[in-house]
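Following this note's numbering from start to finish, the sequence shown increments by one per residue and tops out at 1200.
Have a look at the structure below before the remarks.
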Amino acid sequence: MVVIALLGALAAILAVGTSRLLLDRGESPVEVFWQAVGEARKQALQNEVDIDLRFDNENQAFIASTLLGEKTIPLPASSRMQLEFLGMAGGGPTILIGGRLVETSQLDQVTFFRDGTCTPFRARLTLDGEQPEILEIDPWTCAPVLRDEEARFP
1047 MVVIALLGAL
1057 AAILAVGTSR
1067 LLLDRGESPV
1077 EVFWQAVGEA
1087 RKQALQNEVD
1097 IDLRFDNENQ
1107 AFIASTLLGE
1117 KTIPLPASSR
1127 MQLEFLGMAG
1137 GGPTILIGGR
1147 LVETSQLDQV
1157 TFFRDGTCTP
1167 FRARLTLDGE
1177 QPEILEIDPW
1187 TCAPVLRDEE
1197 ARFP
C-alpha cells in the first residue's frame, strides 16, 4: 500500500511539473505565424472586410491592416526570424525545393478576403542560423497545405 501511495504521489508531482513546463514554453515563430494568419482570416470573416497582412522584419512583428487601422502581432523577444511572402501566380521566377517548383516573386503583403479566402502564397521562414522553411497555405481555407505523406493515417 505504501509503495502504491508513493507511486501516486510521484505521478502527481510529475504531472504538475510537466504541465508547468508546457505552459512556460512560449510560442515559436511558426506558431505566431499561424496565429497571425488565423486571426487575419477570422477578422476578415467576422467584420466582412479585407485585411492585408505583412511582416516587418526589422521590428519582428506581423501587421494586419484595413482602411480603419492596424493591429500589430509581435514575435516572442527570444527569437528572430526573416519572413518573405512568395507569390504563386504563374510566370515569375521559380526554384526547385524538395521536388516542387516554387515561385520566388516576393509579395509585400497578402490579403485575407471577407469571404474566407486569401491571396495564393507561400511563406519562406528563416529562423536564426537555420535552413529556410517553406510554409504552403491553401488559398481557399488559409490553412496549411497537407501533402499526401502528411494526410495518411498510420
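Cβ atoms here follow ideal geometry from the backbone N, Cα and C, with glycine treated the same way.
The structure presented is a predicted model; accordingly, all values stated were derived computationally and were not measured.
Outcome for residue i when other beta-carbon atoms lying within 10 angstroms are tallied against a minimum of 16
{"i": "Thr1118", "result": "exposed"}
{"i": "Val1049", "result": "exposed"}
{"i": "Leu1129", "result": "buried"}
{"i": "Leu1114", "result": "exposed"}
{"i": "Ala1090", "result": "buried"}
{"i": "Leu1047", "result": "What sits at residue 1047 in the sequence shown is Met, not Leu. Exposed, because fewer than 16 other Cβ atoms sit within 10 Å of the Cβ of Met1047."}
{"i": "Ala1123", "result": "exposed"}
Expected contact under 8 Å - CB spacing of residue i and residue j to nearest Å
{"i": "Leu1153", "j": "Leu1132", "result": "7 Å"}
{"i": "Gln1177", "j": "Asp1098", "result": "Contact flag wrong, Cβ pair sits at about 29 Å."}
{"i": "Arg1168", "j": "Leu1181", "result": "7 Å"}
{"i": "Ser1125", "j": "Leu1173", "result": "7 Å"}
{"i": "Asp1096", "j": "Thr1157", "result": "6 Å"}
{"i": "Gly1162", "j": "Arg1100", "result": "Between Arg1100 and Gly1162 the Cβ distance is about 20 Å, and since that is not below 8 Å, they are no contact."}
{"i": "Ile1183", "j": "Val1078", "result": "With 8 Å as the limit, Ile1183 and Val1078 do not qualify as a contact, their Cβ atoms being about 15 Å apart."}
{"i": "Pro1075", "j": "Met1134", "result": "Not quite, the Cβ-Cβ distance comes to about 22 Å (not below 8 Å), so this is no contact."}
Residue i, DSSP secondary structure in three states
{"i": "Gly1084", "result": "helix"}
{"i": "Val1191", "result": "coil"}
{"i": "Pro1075", "result": "helix"}
{"i": "Leu1091", "result": "helix"}
Per DSSP, cross-strand counterpart(s) of residue i
{"i": "Phe1153", "result": "Here residue 1153 turns out to be Leu, not Phe, going by the sequence shown. Leu1153 pairs with Phe1131."}
{"i": "Glu1182", "result": "Arg1168"}
{"i": "Ile1112", "result": "The sequence given here places Thr at residue 1112; Ile does not occur at that position. In the DSSP output, where bridge partners are listed per residue, Thr1112 has Gly1115."}
{"i": "Arg1100", "result": "Ile1109"}
{"i": "Leu1173", "result": "Met1127"}
{"i": "Pro1120", "result": "Ala1107"}
{"i": "Phe1158", "result": "Ile1097 and Cys1164"}
Closer than 7 Å: residue i CB and nearest the ligand HEM heavy atom
{"i": "Ile1183", "result": "The ligand content of the structure shown is nil, which means the ligand HEM is not present either."}
So, does the segment 1104 to 1112 touch the segment 1173 to 1190, judging by three or more C-beta pairs under 8 Å?
Proximity of the segment 1104 to 1112 to the segment 1173 to 1190 falls short of the contact definition, fewer than three beta-carbon pairs being nearer than 8 Å.
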